[in-house]
Ligand code: DX5
Ligand code: ZN
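In full-length UniProt numbering, the protein residues as written are 1 to 229.
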């Protein structure tokens, strides 16, 4: 039984898009709920992607709300500027800071939603008390750093736990999942109570990314309905 939001949200990850054509790649997924942007610093994760100037340009190029996933060290220093630039949601990693609450406060003060992300091996429990400071919980279902990895189903236990708490306490928190989401895995994630599904290779590896988004959303909606009936 889960009481996730009415329509599942799909957030294509541009990590699997053509970085030389980001405006067109955003336009290709026009009907998406969020556009997921993976910021990696080659320190918190062993990969390097893009930063604030690219996000600023993307904000001018699309009307899709930008969902920044910061896989970076020192989020207290680097996260608020993404909110100031106009990102809809700014998510940083729990493992990257000893003091997440002030970071969330700064993100919200700058006008964005604040998100907390946890890696597959990071337990939920230490963060339960602070989730009221956040608008989104991003559960990683692969080790952060690269697209195209295999989904880790064990993390769904965390999704089921937080869904129960959200429903019982009427918390205003979206639960997002990121990594290995595709036609084979989205249903189990939907049944576990996920609200928002990030998909990189499953969207941008498809012949028509816009159609892939619509199909994933439909699949998630059906799986969720089957779970609640
Ligand atoms: C991985 C990134 C993901 C990545 C997902 O660290 O956070 O957003 O783009 O890619 P797929 O959907 O291919 O696993
Ligand atoms: Zn991501």
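A virtual CB, placed ideally from N, CA and C, is assigned to each residue, including glycine. Since this is a predicted model, take the numbers as computed values, not measurements.
Counting only unbroken stretches of 3 or more residues, the beta strand (DSSP E) elements lying wholly within the segment 89-169 are 89-93, 113-118 and 136-140, in sequence order. A direct Cα-Cα distance of roughly 11 Å separates residue 8 from residue 186. The DSSP-derived three-state label of residue 25 is helix. Within the chosen limit of 7 Å, the ligand DX5 reaches the beta carbon of residue 202 through at least one heavy atom. Taking 8 Å as the upper bound for CB-CB distance, residue 152 and residue 126 are not in contact here, some 20 Å apart. Beta-bridge partners assigned by DSSP to residue 177: 139 and 197. When DSSP states are grouped into helix, strand and coil, residue 171 belongs to the coil group.
Residue environment: residue 21 is assigned as exposed (fewer than 16 neighbouring CB atoms within 10 Å of its CB, all protein chains considered). For the segment 14-92, the continuous beta strand (DSSP E) assignments of 3+ residues that do not extend past its boundaries occur at 35-40 and 66-71, in sequence order. Excluding its 5 nearest sequence neighbours in each direction, residue 23 has C-beta neighbours in its own chain below 6 Å: 61, listed in chain order. The alpha carbon of residue 80 has as its nearest neighbour, out of 103, 88 and 138, the alpha carbon of 103. Counting every other CB atom within 10 Å of its CB across the protein chains shown gives residue 132 a total below 16, marking it as exposed.
Taking a C-beta distance under 8 Å as the contact criterion, residue 13 and residue 147 qualify as a contact pair. Residue 183 is positioned such that its CB atom lies closer than 8 Å to that of residue 202. Close to the ligand ZN, as judged by a C-beta nearer than 6 Å to any of its heavy atoms, are the residues 13, 36, 38, 69, 178 and 198, in chain order.
Within the chosen limit of 7 Å, the ligand DX5 does not reach the beta carbon of residue 188 with any heavy atom. Here the alpha carbon of residue 163 sits roughly 17 Å from the alpha carbon of residue 122.
Annotation for residue 135: 113 and 114 place their beta carbon closer than 6 Å to its own, counting only its chain and skipping 5 residues before and after. When secondary structure is reduced to three states using DSSP, residue 12 falls in the strand class. Leaving aside the five residues that flank residue 219 on each side, the residues in its chain whose CB is nearer than 7 Å to its CB run, in chain order, 183, 186 and 187. Within the chosen limit of 7 Å, the ligand DX5 does not reach the beta carbon of residue 115 with any heavy atom. Per DSSP, the unbroken alpha helix (DSSP H) holding residue 190 starts and ends at 186-191.
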